[in-house]
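The structure appears right after this line, and notes come after that.
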Amino acid sequence: MNAYAGVRQSRIPYFAMVYGLLILTSLILLSPLLFSLSLALQGPTISPSLLPPDLSKLDWGIFLSVFQDEPLIARWILNSFVVATGVTLGVIFTSSLFAYALAYFNFPGKTLLLFVALGSLMIPFEATLIANYLLIAEWKWMNTYQGLILPFVASGFGIFLMRQYFLTLPRELYDAAMVDGCNRFRYLWLVLVPLSRPAIATLAVYTFLNTWNQFYWPLLITNTNEWRTTQVGITIFRSFEGGAVFNTQMAATLIVMLPTLLLLILGQRQLVSGLTSGALKG
Amino acid sequence: MKKATVFALAMLLVAVAALTFVSGSTTALAQAPTITPVPPVPKPEGAVEITFWYGLGGNLGNVVQEVVNKYNSSQSTYYVNAVFQSSYDDTINTINAGLASGNLPNLAQIFEAGSQRMIDTGRTIPVQQFFERDGMMDVIDDMEPAVRANYQIGGTLWSAPFNSSTAMLYIDRAAAAAAGINPDEPMVTFDQVADYARALTVKDANGNTTRYGMGIYGEGWFLEQIHAVHDAFMGTPNNGRAGERMTEYTYNDAVGVQWVEFLKGLVDEGVAVYYGQAGAGQTASASAFANGEVAMHWASIASLRGLLSAAESAGKGVEVGVLYLPRNEGVTGKTIVGGASLWITDVGTTDQQEGAWDFIKFALTPEIQAFWSVNTGYIPVRMAAYEQAEMQAGLEQYPQFQVALNQLRLTGITDANTAHVSGIFVPYRTHYVAAFDQYFTGGYASAQEALDAAVATSNELLAEYNLTVGG
Chain C
4 MNAYAGVRQS RIPYFAMVYG LLILTSLILL SPLLFSLSLA LQGPTISPSL LPPDLSKLDW
64 GIFLSVFQDE PLIARWILNS FVVATGVTLG VIFTSSLFAY ALAYFNFPGK TLLLFVALGS
124 LMIPFEATLI ANYLLIAEWK WMNTYQGLIL PFVASGFGIF LMRQYFLTLP RELYDAAMVD
184 GCNRFRYLWL VLVPLSRPAI ATLAVYTFLN TWNQFYWPLL ITNTNEWRTT QVGITIFRSF
244 EGGAVFNTQM AATLIVMLPT LLLLILGQRQ LVSGLTSGAL KG
Chain E
7 MKKATVFALA MLLVAVAALT FVSGSTTALA QAPTITPVPP VPKPEGAVEI TFWYGLGGNL
67 GNVVQEVVNK YNSSQSTYYV NAVFQSSYDD TINTINAGLA SGNLPNLAQI FEAGSQRMID
127 TGRTIPVQQF FERDGMMDVI DDMEPAVRAN YQIGGTLWSA PFNSSTAMLY IDRAAAAAAG
187 INPDEPMVTF DQVADYARAL TVKDANGNTT RYGMGIYGEG WFLEQIHAVH DAFMGTPNNG
247 RAGERMTEYT YNDAVGVQWV EFLKGLVDEG VAVYYGQAGA GQTASASAFA NGEVAMHWAS
307 IASLRGLLSA AESAGKGVEV GVLYLPRNEG VTGKTIVGGA SLWITDVGTT DQQEGAWDFI
367 KFALTPEIQA FWSVNTGYIP VRMAAYEQAE MQAGLEQYPQ FQVALNQLRL TGITDANTAH
427 VSGIFVPYRT HYVAAFDQYF TGGYASAQEA LDAAVATSNE LLAEYNLTVG G
């Protein structure tokens, strides 16, 4: 009993150090967010301090005034949410199909197709921007969800990630399923996809965040205030000449970051396991 | 995992729903922007819709929307649909992308850096045609000369001036008075300003500097201003203004070198502090000025209100005053204006083009100009605006504004003291600011070397641009 207590005691400094370090690292990692919050609460000033100078006068109403200044922000969040969800579902669907073919079947041109998919990673989006824009404009899809979603529903990264993950799953599973009379599509949707949850979750979070943070495409393809997405919309809070006032900008930024933060926090475990499994076995 | 996903989705939906709910509430708040944003007025039945792209956010953007609202409720033939395009840069980028498909607005607010590019699109109609057709040349004659000259390229008024400002050297009047400097004499030479910087620098008992004489940041606009003050060209021929396209930048001339060396000398002497490149550097310098950490600061006259209110809320007793930009002994040149103008495009129907023109006529009335100037701090386009009671009250409240106007009217207009026009205006500034920054952080041995490098890159880009537009 005594010895046990002794062990526990001797471990207290160790735990204190570990937790101290963890708290310190979290504070460093969170500092941009905390600083944004600090700026948001300091009221309109062009010379903010690191921490609010007067803690009794925190301006929490700033978050409300963002919505009053720009009632459309709720619509922008909805737009971003629909678009990011649409793109995410699309990418998961197309990547799974393409990766399935690459991982399980032999057909002429397979290697070429893989390299085409990988090659698409090397073409920056800006290079195809005008072509995409002209196509969407020609189809009269400006200011529509489909115009915002369609150009992004296939992703070379997604295909590669899913293919690598599929290859780690035992081939015997496929053979057994075939022997049992499962057809190829059922195998994909009933066996492969459920088994690939970590990879799919990684792809989903990655795609969702990327789409949520898009700026230039939504700026080009929408030209009415209602159809803007969050990242384009919130630039209206940025002040010009002389009035570099940060509080509303920061409050608006925090509001549009909230959904992605939630997603990241809730999807973190999947994300980490998905990334490591791809890294080790891929 | 499944539970977590469902939970995540549910949380997001709740968040969105909560936000939507909050947006409906109407709690009054103790915020005091000069103009609170007004939702656009509804479009009347049968009105011709004019799409108007603008690039001013924040409070200035609210004033733009307010002017549009005033126009829309003043008549019912046309309806201006104002769409914010994120920034000046993004406005012109979106126009560039839309050229091939013809997705252009009927009316666009473009910064002067984009003037040459707008002309080169071939999709604009010079506003001068409308002024001439409607016998309204008296309105052009009534414009602030420096402002008018800025948008008159090759003798034609291409776009309607909208928001204009000019550069000033801000000075803390309280600190100046304590140091025996007369801040009411705005005309200053380089030597004087260097002396001011020395006199305004304060050290504590340990020899640490508690206040520097001047805050400095890299910004191309001031290089252009100093050239204008000394009646020197930024590029040949004739700043690109005399009907011939600019083919070469020449800002590595004596004026440019002297300017950069002047600033660097103050930093080396320990009486000025360098805050970095435009943007972050400007914000840092402005903040330091408002807090009394530097006694002089370079900024646009449109920054006046921001600096006044910042100085007041900082509570360090800074009194905001302005001086002309410094110059060599005996030089009395004027500064240039910067800002943006309204361009009419040839897309859409004649009705829409007429509507765009109708809105410009409205925006240029003395009443709207006075309203615009008083609420934004920009210089009114029309001289007649000064007869408005609102404007006179504004001038009385902000005597610094009159100093800016005087500086802008010091001499007559020449091509050299009007902003240059070039297709690579924005990249030129980027390269100049980068070279400036490298010089201040030890990357170049001399100002001449830094400017030579920046000019070389600028000229390569300019040649390339001119080639692509067939100039």
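Chains as they are written, first to last, in my numbering: chain C, 4 to 285; chain E, 7 to 477. The C-beta atom is built at its ideal place from N, Cα and C for all residues, glycine as well.
List the DSSP bridge partners of residue i.
{"i": "Ser83 (chain C)", "result": "Ser83 (chain C) is not bridged to any residue."}
{"i": "Asp131 (chain E)", "result": "The amino acid at residue 131 (chain E) is misidentified as Asp; the sequence shows Ile. Paired residue(s): E:Ile350."}
{"i": "Ile116 (chain E)", "result": "E:Ser347"}
{"i": "Ile95 (chain C)", "result": "Answer is none; Ile95 (chain C) lacks a bridge partner."}
{"i": "Tyr280 (chain E)", "result": "E:Ile222"}
{"i": "Tyr392 (chain E)", "result": "In the DSSP output, where bridge partners are listed per residue, Tyr392 (chain E) has none listed."}
{"i": "Ala209 (chain E)", "result": "The sequence given here has Lys at residue 209 (chain E), not Ala. Per DSSP, E:Thr215."}
{"i": "Trp59 (chain E)", "result": "E:Val89, E:Ala114"}
{"i": "Gly241 (chain E)", "result": "E:Tyr255"}
What is the rounded straight-line gap between the Cα of residue i and the Cα of residue j?
{"i": "Asp95 (chain E)", "j": "Phe431 (chain E)", "result": "11 Å"}
{"i": "Tyr85 (chain E)", "j": "Leu25 (chain C)", "result": "58 Å"}
{"i": "Tyr255 (chain E)", "j": "Ala441 (chain E)", "result": "15 Å"}
{"i": "Gln158 (chain E)", "j": "Glu118 (chain E)", "result": "11 Å"}
{"i": "Ile350 (chain E)", "j": "Ile76 (chain C)", "result": "30 Å"}
{"i": "Arg435 (chain E)", "j": "Leu115 (chain C)", "result": "45 Å"}
{"i": "Gly448 (chain E)", "j": "Tyr330 (chain E)", "result": "30 Å"}
{"i": "Leu163 (chain E)", "j": "Arg154 (chain E)", "result": "8 Å"}
{"i": "Val275 (chain C)", "j": "Val208 (chain C)", "result": "11 Å"}
{"i": "Gln454 (chain E)", "j": "Ala460 (chain E)", "result": "10 Å"}
{"i": "Gly245 (chain E)", "j": "Val235 (chain C)", "result": "The identity of residue 245 (chain E) in the sequence shown is Asn, whereas the question assumes Gly. Distance between the alpha carbons of Asn245 (chain E) and Val235 (chain C): 35 Å."}
{"i": "Val20 (chain E)", "j": "Thr210 (chain C)", "result": "Note that Val20 (chain E) scores 48 on pLDDT, short of 50, meaning its location in the model is unreliable; the coordinates nonetheless yield the value given after this. If you take the alpha carbons of Val20 (chain E) and Thr210 (chain C), they lie about 22 Å apart."}
{"i": "Arg78 (chain C)", "j": "Phe70 (chain C)", "result": "11 Å"}
{"i": "Tyr392 (chain E)", "j": "Ser93 (chain E)", "result": "29 Å"}
Assuming residue i and residue j are in contact, meaning their beta carbons sit under 8 Å apart, how far apart are those beta carbons, in whole angstroms?
{"i": "Arg204 (chain E)", "j": "Gly219 (chain E)", "result": "6 Å"}
{"i": "Gly354 (chain E)", "j": "Asn112 (chain E)", "result": "5 Å"}
{"i": "Tyr384 (chain E)", "j": "Ser171 (chain E)", "result": "6 Å"}
{"i": "Met149 (chain E)", "j": "Arg388 (chain E)", "result": "6 Å"}
{"i": "Ala390 (chain E)", "j": "Trp304 (chain E)", "result": "Their Cβ separation, rounded to whole angstroms, is 31 Å, which puts Ala390 (chain E) and Trp304 (chain E) out of contact at 8 Å."}
{"i": "Leu229 (chain E)", "j": "Gly262 (chain E)", "result": "6 Å"}
{"i": "Ala180 (chain C)", "j": "Val194 (chain C)", "result": "6 Å"}
{"i": "Gln231 (chain E)", "j": "Val328 (chain E)", "result": "14 Å between Cβ atoms; not a contact."}
For a cutoff of 8 Å on Cβ pairs, would you count residue i as touching chain C?
{"i": "Thr100 (chain E)", "result": "yes"}
{"i": "Gly361 (chain E)", "result": "no"}
{"i": "Gln452 (chain E)", "result": "Checking the sequence shown, residue 452 (chain E) turns out to be Ser, not Gln. Judged by the 8 Å Cβ criterion, Ser452 (chain E) is not in contact with chain C."}
{"i": "Val28 (chain E)", "result": "Any reading at Val28 (chain E) must be qualified, since the residue scores a pLDDT of 37, below 50, and its modelled position is unreliable; no value is offered."}
{"i": "Phe196 (chain E)", "result": "no"}
{"i": "Ala155 (chain E)", "result": "no"}
{"i": "Gly323 (chain E)", "result": "no"}
{"i": "Ser107 (chain E)", "result": "yes"}
{"i": "Asp178 (chain E)", "result": "no"}
{"i": "Gln37 (chain E)", "result": "For Gln37 (chain E), the predicted structure reports a pLDDT of 31, less than 50, and the residue's modelled location is therefore unreliable. A value from the coordinates is still provided. It does; some Cβ of chain C falls within 8 Å."}
{"i": "Gly400 (chain E)", "result": "no"}
Is the distance from the Cβ of residue i to the Cβ of residue j below 8 Å?
{"i": "Tyr223 (chain E)", "j": "Ala320 (chain E)", "result": "no"}
{"i": "Ser123 (chain C)", "j": "Gly159 (chain C)", "result": "yes"}
{"i": "Ile95 (chain C)", "j": "Ile203 (chain C)", "result": "yes"}
{"i": "Arg247 (chain E)", "j": "Thr424 (chain E)", "result": "yes"}
{"i": "Leu313 (chain E)", "j": "Ala292 (chain E)", "result": "yes"}
{"i": "Phe249 (chain C)", "j": "Leu42 (chain C)", "result": "yes"}
{"i": "Ile56 (chain E)", "j": "Ala451 (chain E)", "result": "no"}
{"i": "Ala234 (chain E)", "j": "Ile342 (chain E)", "result": "yes"}
{"i": "Ile139 (chain C)", "j": "Ile224 (chain C)", "result": "yes"}
{"i": "Ser464 (chain E)", "j": "Gln122 (chain E)", "result": "no"}
{"i": "Ile125 (chain E)", "j": "Phe137 (chain E)", "result": "no"}
{"i": "Gly298 (chain E)", "j": "Val324 (chain E)", "result": "yes"}
{"i": "Val326 (chain E)", "j": "Tyr176 (chain E)", "result": "yes"}
{"i": "Thr238 (chain C)", "j": "Ala87 (chain C)", "result": "no"}
{"i": "Ala152 (chain E)", "j": "Ile374 (chain E)", "result": "no"}
Please confirm if residue i has its CB atom under 8 Å from at least one CB of chain E.
{"i": "Leu36 (chain C)", "result": "no"}
{"i": "Val275 (chain C)", "result": "no"}
{"i": "Val235 (chain C)", "result": "yes"}
{"i": "Tyr136 (chain C)", "result": "yes"}
{"i": "Phe240 (chain C)", "result": "yes"}
{"i": "Ala140 (chain C)", "result": "yes"}
{"i": "Leu82 (chain C)", "result": "One detail in the question is off: residue 82 (chain C) reads as Asn in this sequence, not Leu. Taking Cβ atoms only, chain E never reaches closer than 8 Å to Asn82 (chain C), which makes this a no."}
Return no unless some Cβ of chain A is closer than 8 Å to the Cβ of residue i.
{"i": "Val89 (chain E)", "result": "As a matter of chain content, chain A is missing from the structure shown, whose protein chains are C and E."}
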